[in-house]
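Residues are numbered in our numbering as their position in the sequence shown, beginning at 1, plus a constant of 202.
Note that beta-carbon positions come from the ideal geometry of N, C-alpha and C, so glycine has one too.
The model shown is predicted, which means the values in this text are computed figures rather than measured ones.
Here's the structure we're looking at; comments come further down.
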Amino acid sequence: MCLHDHTPAALPPAALPRRGILAGAAALAGISVASLAAQLGSAPAARAEDNTSSPSYPNRPASPPPMIIEGGTIVDPKTGNALEDGVLVLEGGKVTAVGSREETRRAVSALSGRARTVDASGRWVLPGLIDVHVHANALSDARAILQGGATSVRSGSTSFYQDVALAALPAWAPGASARMSPAGLFISPELGDSLLADPDLAPLASLSRGVTEPTDLAYLARVNLKRGARVIKTRANPRAGLAEQDPRELVYNYEQLSAVVKASGKAGVLCHAYSAEGIDGAVRAGVRSIEHGVFVSEETISRMASRGTYFTPTMDAITSMARSSNPILAARGTEYTPIIKAAVRAAHEAGVTVVAGTDSFGSNVTPIGTEARLLAEAGLSPMDALRAATVNAAALLGWSDRAGRLVRGSFADAVIVDSDPLNSASALEEISAVVAQGVLVRNDL
């Protein structure tokens, strides 16, 4: 639903500007953008010298101590296999052993006296869950996402490149943030104060019609990529969560979206889209995933299936509007809920890969397990709902070899739940513990 404006920016083929980083830091610290702009404007000559090289931190990041999770039923979302009384060994940020007690005996013995042991008896052990649509702008947001069970996320954009900074944290401060695939700034006509995220965005401030021309859209995409974005976020329609906007109007057409897709290259594009025309234009343009997608047509669903376009329906963000105190939003939520449920069922039956994304903003985080439950209520089996938040999501992020499963060499991310996720998707809401990058960040055992 993307209730908030995360207007994007774009980096040209220039060196990574420190002033853009300062803008993001200022946003996190509460410094006014006007004050920051004044400071940046006072010393333009320093930019070339400041960007000649990147500073190198002299110390090495600390590695969390090894961890052994034992006694629980270890579930493999890809195969559906469940190993009772299993053992999971985590060391150096990776899974080093997984299996029965006999199969892992040597690995456990080698860590005698050094590893932290977590008793998961009577519970189920899953790979860390993945939320493919969040808006995290601060450390508190990152903590809330982890508490909800998502240990890997894809950003749906931020206003000052905070997601790019959050993506760097796990390597230096394990457990401080989920693994992040950052999007940088939202490619949208109006950038607002996000123009201050980077001095290379200044040329876009004079555009009378906003960022709408294909050359300017491509420029924005390149700026984001230069600043560290690993995926690009744009839109076909306005927001449903803002009463004054009509989510069926067209913002960017096929030609405009094609310019974004081409400039984004292998990074891929996630596209906010609601109307049938907007969704179809985005799919034909080659976006990697459709976000929201309420009014997707049968023809476009077929096209998505043949092209391998992913579908992120953001169920909670859409259905929760029905509980809004705003009568316009409440009416939308009531109208859209049965439509998005039908769209999810139709897409899944047609072979479109459905993935779980909450569209959480800031510290107001919807647990990823809630999204999985809503997908099941829309017609997915518990197994497919689990896959939407694990292996399917990992494939979308390009992390299939490291995320979404607990196998040797995968990320040291795990979630412990109280009931069987193969019987009910609501089990993903019953979280007892979360391990992120080998660190126990939540422990209710």
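Please report how far the alpha carbon of residue i lies from the alpha carbon of residue j, in whole angstroms.
{"i": "Ile-271", "j": "Pro-440", "result": "45 Å"}
{"i": "Arg-325", "j": "Thr-319", "result": "15 Å"}
{"i": "Gly-282", "j": "Leu-630", "result": "15 Å"}
{"i": "Glu-446", "j": "Val-498", "result": "22 Å"}
{"i": "Val-485", "j": "Leu-419", "result": "17 Å"}
{"i": "Asp-482", "j": "Asp-333", "result": "24 Å"}
{"i": "Gly-467", "j": "Ala-367", "result": "22 Å"}
{"i": "Val-643", "j": "Leu-406", "result": "41 Å"}
{"i": "Ser-526", "j": "Asp-365", "result": "28 Å"}
{"i": "Ala-597", "j": "Ala-578", "result": "20 Å"}
{"i": "Met-585", "j": "Thr-511", "result": "21 Å"}
{"i": "Arg-432", "j": "Ser-361", "result": "16 Å"}
{"i": "Ser-628", "j": "Ser-522", "result": "17 Å"}
{"i": "Asp-278", "j": "Gly-288", "result": "12 Å"}
{"i": "Gly-606", "j": "Asp-615", "result": "9 Å"}
{"i": "Asp-603", "j": "Thr-536", "result": "40 Å"}
{"i": "Gly-358", "j": "Glu-304", "result": "43 Å"}
{"i": "Gly-559", "j": "Pro-257", "result": "35 Å"}
{"i": "Lys-543", "j": "Tyr-454", "result": "26 Å"}
{"i": "Asp-395", "j": "Leu-427", "result": "19 Å"}
Assuming residue i contacts residue j (C-beta within less than 8 Å), just tell me the rounded distance between them.
{"i": "Gly-386", "j": "Arg-429", "result": "6 Å"}
{"i": "Ala-595", "j": "Ala-574", "result": "Not a contact, Cβ separation roughly 10 Å."}
{"i": "Asn-645", "j": "Ala-635", "result": "5 Å"}
{"i": "Ala-423", "j": "Ala-465", "result": "4 Å"}
{"i": "Val-556", "j": "His-550", "result": "5 Å"}
{"i": "Leu-673", "j": "Leu-403", "result": "The structure shown does not extend to residue 673, since the chain spans only 203 to 647, so no value can be given for it."}
{"i": "Thr-275", "j": "Val-327", "result": "7 Å"}
Restricting to Cα atoms, I'd like to know which of the options is closest to residue i.
{"i": "Leu-341", "options": "Ala-629, Pro-268 and Phe-563", "result": "Phe-563"}
{"i": "Val-496", "options": "Val-546, Val-462, Gly-488 and Ile-530", "result": "Val-546"}
{"i": "Asp-561", "options": "Asn-261, Ala-338 and Pro-391", "result": "Ala-338"}
{"i": "Gly-611", "options": "Gly-294, Ser-357, Glu-500 and Val-277", "result": "Gly-294"}
{"i": "Tyr-421", "options": "Leu-331, Gly-443 and Phe-388", "result": "Phe-388"}
{"i": "Ala-533", "options": "Leu-444, Asp-395 and Asp-321", "result": "Leu-444"}
{"i": "His-474", "options": "Lys-435, Met-506 and Ala-507", "result": "Lys-435"}
{"i": "Arg-345", "options": "Val-641, Ile-541, Ser-379 and Arg-308", "result": "Ser-379"}
{"i": "Lys-280", "options": "Gly-273, Ser-504 and Val-593", "result": "Val-593"}
{"i": "Leu-452", "options": "Ser-390, Ser-621, Arg-509 and Pro-401", "result": "Ser-390"}
Q: Give, in chain order, every unbroken run of the alpha helix (DSSP H) that is at least 4 residues long and sits entirely within the region 288 to 337.
A: 307 to 312
Q | the region 473 to 492 touching the region 564 to 580, judged by at least three CB pairs closer than 8 Å | A | Under the Cβ criterion (8 Å, minimum of three pairs), the region 473 to 492 does not count as touching the region 564 to 580.
Q: Would you check if the region 487 to 495 and the region 514 to 524 touch, i.e. whether three or more CB-CB distances between them fall below 8 Å?
A: yes
Q. For the region 344 to 351 against the region 400 to 416, are there 3 or more C-beta pairs whose distance is under 8 Å?
A. The region 344 to 351 is not in contact with the region 400 to 416.
Q: Any chance you could list the alpha helix (DSSP H) runs of at least 4 consecutive residues sitting entirely within the region 436 to 473, in chain order?
A: 456 to 466
Q) Do the region 455 to 466 and the region 372 to 379 make contact, defined as three or more Cβ pairs closer than 8 Å? A) no
(Q) Restricting to runs no shorter than 4 residues, where is the alpha helix (DSSP H) found entirely within the region 512 to 537? (A) Within the region 512 to 537, the runs of alpha helix (DSSP H) that reach at least 4 residues and sit entirely inside it are, in chain order, 517 to 521.
Q) Which full runs of the alpha helix (DSSP H) of 4+ residues lie inside the region 584 to 609, going along the chain? A) Segments of the alpha helix (DSSP H) lying fully in the region 584 to 609: 584 to 590 and 593 to 599.
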